[in-house]
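Read through the structure below, which is laid out as C-alpha cells, and then see the notes.
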Amino acid sequence: MGWFDSWTGSSSTGGDPLEKLDPKLREFLQREAPVKYDHAQSPHQPTSPTTQEHTQSHAAAAPPASSEPAQQQQQQQQQQQQQPAVPPQSLYQDGRYAHLWKNYKPQSQVEAETKSDHEKLMDVLEAYKERKAEIGKAALENCALEQVDWTECMKSGSVTARMTMCRDAVRKFERCYTIQNRFLKALGYLSVQDRSPEVEEDIQMHADRLYHRLMEQEDAVELAKKEGKPVPKFDPLIAKPIVRIADPEQDITLSPQLQQKLKEQLEKVPEEERHAEEEAIKAELRAKAEVAARVQDIWAQQAREKEERKKEGKLTLGDRVSSLFGW
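Residue numbers (our numbering): 225 to 551.
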C-alpha cells in the first residue's frame with residue numbers, strides 16, 4: 225500500500241518523485257525544467273540496467289554543462305547591445321522608456337542651438353570677464369590674513385597708524401593681492417575649460433605657497449643686508465611655464481611692439497618677481513588669443529550659414545543689410 229510505504233519509508237521509489245513517470249515524459253521534464261533535478265542514489269539501492277541505459281542516453285543527448293554559462297553570457301551581452309542607450313538624466317539606465325528619451329536634448333544644448341550670433345559673442349566675452357573676476361576672488365581669499373590685519377588696524381590700531389590710514393597694512397595687502405593674482409595667472413588658474421574644481425583649488429593653494437616662499441626669501445635678503453653678508457641667490461619660483469601648449473605652433477608670438485612694451489613693464493617689477501610677471505603676462509595674452517580665436521570661429525560659422533542661405537535663395541533681411549555694409 226502506497227500510504228503505508230510512505231509512513232514507513234520503505235517505498236521502492238527511493239524518494240525519487242519521477243521514478244513512476246513514463247521515461248519519455250521524465251526526459252521531457254528534465255530537459256525543459258529551469259532547475260535540473262539530480263537524484264543522488266543511495267549506495268544500498270542497486271541501479272537497474274534500464275535506468276543506467278536511460279541515464280547514459282540522456283547524458284549523451286544533453287549538451288555539456290560548461291557551455292551553458294557561456295551561452296547565457298553571450299545572450300546577456302547581445303541583449304545589452306540591443307538595448308537603446310538612454311541619457312544620464314533618465315532614472316532607469318537599464319534601457320526602460322528609451323523610446324521616450326529618443327529625441328531628448330539637454331536644456332543647455334537647446335539653448336546653445338537657439339542662441340543668436342550676438343548672444344554667442346557675448347557669452348565668449350562674459351566668460352573672459354568672469355575668469356578675470358574669479359582670479360581676483362581667489363587672490364582675495366589667499367590674502368585673507370592681510371585683509372584681517374588691515375581691518376584690525378583700522379579698528380584698534382595705534383594712533384599713528386590710524387592717522388596714516390594704516391598705510392603699511394594697506395600696502396602689504398595690495399602687494400599680496402598683486403602677487404597672488406600674478407601667480408594665479410602664471411600657474412594657469414581657470415585656463416582650461418571643464419577642469420575639476422579640485423585641480424583649480426590645488427593651483428590656488430600652490431599660488432599661496434609661492435607667495436609665502438617669496439616673503440621668506442625677501443626676509444632672508446633683508447637679514448643678509450643688515451648683517452653685511454652676501455645676498456643669497458634663489459631660483460625662480462616658477463622655473464618653467466606651467467601652462468604648456470600641446471602644439472608649439474599654436475603658441476603666441478610677440479610682435480616687436482609687444483616685446484618692447486613687455487620689457488618696459490618688467491623693468492618696473494623687482495628682479496625676483498620679473499619671471500613670474502613675465503609668465504603671468506604671457507598667460508594673459510594666451511587667454512586673449514583664445515578668446516579671439518573663438519570669436520573668429522563664430523564669425524566663420526556665421527559666414528558659412530549666410531553663404532548656404534544665399535545658395536538656397538533664403539537670405540534674410542539682416543543678411544541683405546549686412547551685405548550692403550560689407551559685413
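Backbone N, C-alpha and C fix where the C-beta goes; we use that ideal spot for every residue, glycine too.
A quick note: this is a predicted structure, and the numbers were derived from the prediction, not measured.
- Taking a cut-off of 8 Å on C-beta distances, the segment 400-412 touches the segment 430-440, as three or more cross pairs fall below it.
- With fewer than 16 other Cβ atoms from the protein chains shown falling within 10 Å of its own Cβ, residue 332 counts as exposed.
- With respect to the C-alpha of residue 366, the residue from 520, 407, 507 and 378 having the closest C-alpha is 407.
- Sequence-distant Cβ neighbours of residue 458 in its own chain, meaning closer than 6 Å and more than five residues away, are 441.
- Here residue 387 carries a helix assignment [DSSP, helix/strand/coil].
- In this chain, the alpha helix (DSSP H) harbouring residue 444 covers 421-451.
- In this structure residue 348 is not in contact with residue 545, their Cβ atoms being roughly 23 Å apart against a cut-off of 8 Å.
- The C-alpha of residue 374 lies about 9 Å from the C-alpha of residue 391.
- In the assembly as shown, residue 379 is an exposed residue. Its beta-carbon has fewer than 16 other beta-carbons within 10 Å.
- Proximity to residue 360 across 509, 497, 402 and 255 peaks at 402, based on C-alpha coordinates.
- Assigned with DSSP and collapsed to three states, residue 329 falls in coil, not helix or strand.
- Residue 357 places its beta carbon 8 Å or farther from that of residue 405.
- In the three-state reduction of the DSSP assignment, residue 400 falls in the helix class.
- In this structure, residue 352 places its C-beta atom within 8 Å of the C-beta atom of residue 511.
- Judged by beta-carbon spacing, residue 310 lies beyond the 8 Å limit of residue 294, meaning their Cβ atoms are not closer than that value.
- Contact holds between the segment 489-503 and the segment 436-454, because three or more Cβ pairs, one in each stretch, are under 8 Å apart.
- Assignment of residue 510 by DSSP, reduced to helix, strand and coil, places it in the helix class.
- For a cut-off of 8 Å, the C-beta gap from residue 533 to residue 539 is around 5 Å, short enough to register as a contact.
- Taking 8 Å as the cut-off, the beta carbon of residue 503 is found no closer than this to the beta carbon of residue 490.
- With respect to the 8 Å criterion, residue 397 and residue 417 are not classified as neighbours on the basis of their beta carbons.
- Annotated three-state conformation of residue 479 is coil, per DSSP.
- Membership of residue 321 in any alpha helix (DSSP H) is not indicated, and neither H nor E is assigned to it by DSSP.
- The criterion of a C-beta distance shorter than 8 Å is satisfied by residue 344 and residue 522.
- Going by DSSP, residue 381 is part of no alpha helix (DSSP H) at all; its letter is neither H nor E.
- Cα atoms of residue 453 and residue 434: separation of roughly 25 Å, rounded to the nearest angstrom.
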